[in-house]
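Only one structure is covered here, and it is reproduced in the block below.
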Amino acid sequence: MTRPRRAATPLLLPPLVAVLACLTSNACERKVRPLDMGKNAASIIGPVTVRIHPSFTQVKDWNGDGKPDGVEALLEVRDRWNEPIRATGGVLFELYDYRRGYPDPRGRRLVNPWTASLATVEDQAARWDRVSRAYKFQLAYD
């Protein structure tokens, strides 16, 4: 004796309608919010040191004419565990003549300071170098 089969459609219809309604409405839109990190987060995982990387910061010729066009600076930010991290804020680069044998080796300023921002997502994307895990800046020098 065989039993009559029930149609599966009535059981699937309410969840399917709910999923379709969710997909077509703004009510189910995922809003990405940063996690609350607590009041001690900056002291635990925030930046501790910032340095211009000595090996990879170099005078560069970007247009291929054989003359230096500026300095490509790699700015490295590290946390308390000496791990490279990202940071936000503003950056100011100054270039001075070097004076050998002086307590303060800065001579005269060679160019006006370069300023850059790391305050927005776009700034971060434009400057972050995934290979070096540092920020890369092209500082043009006339």
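If you use mature numbering (1 follows the signal peptide of the UniProt record, and there is no 0), the sequence shown corresponds to residues -27 to -1, 1 to 115, in order.
Cβ atoms here follow ideal geometry from the backbone N, Cα and C, with glycine treated the same way.
From a predicted model like this one, the values you see are computed outputs, not experimental measurements.
Under the three-state DSSP convention, the category residue i falls into
i: residue 42; result: coil
i: residue 72; result: coil
i: residue 64; result: strand
i: residue 99; result: helix
i: residue 104; result: coil
Buried versus exposed, by CB contacts within 10 Å (16 or more), residue i
i: residue 50; result: buried
i: residue 83; result: exposed
i: residue 91; result: buried
i: residue 47; result: buried
i: residue 61; result: exposed
Residue i - partner residues in DSSP beta bridges
i: residue 49; result: 24
i: residue 16; result: None, per the DSSP bridge assignment.
i: residue 32; result: 44
i: residue 93; result: Looking at the DSSP assignment, residue 93 forms no beta bridge with any residue, so it has no partner.
Nearest-angstrom Cβ-Cβ length linking residue i and residue j, presumed shorter than 8 Å
i: residue 43; j: residue 108; result: About 16 Å; that fails the 8 Å criterion.
Among the options, the one whose alpha carbon lies nearest that of residue i
i: residue 21; options: 28, 54, 33, 102; result: 54
i: residue 79; options: 69, 88, 19; result: 69
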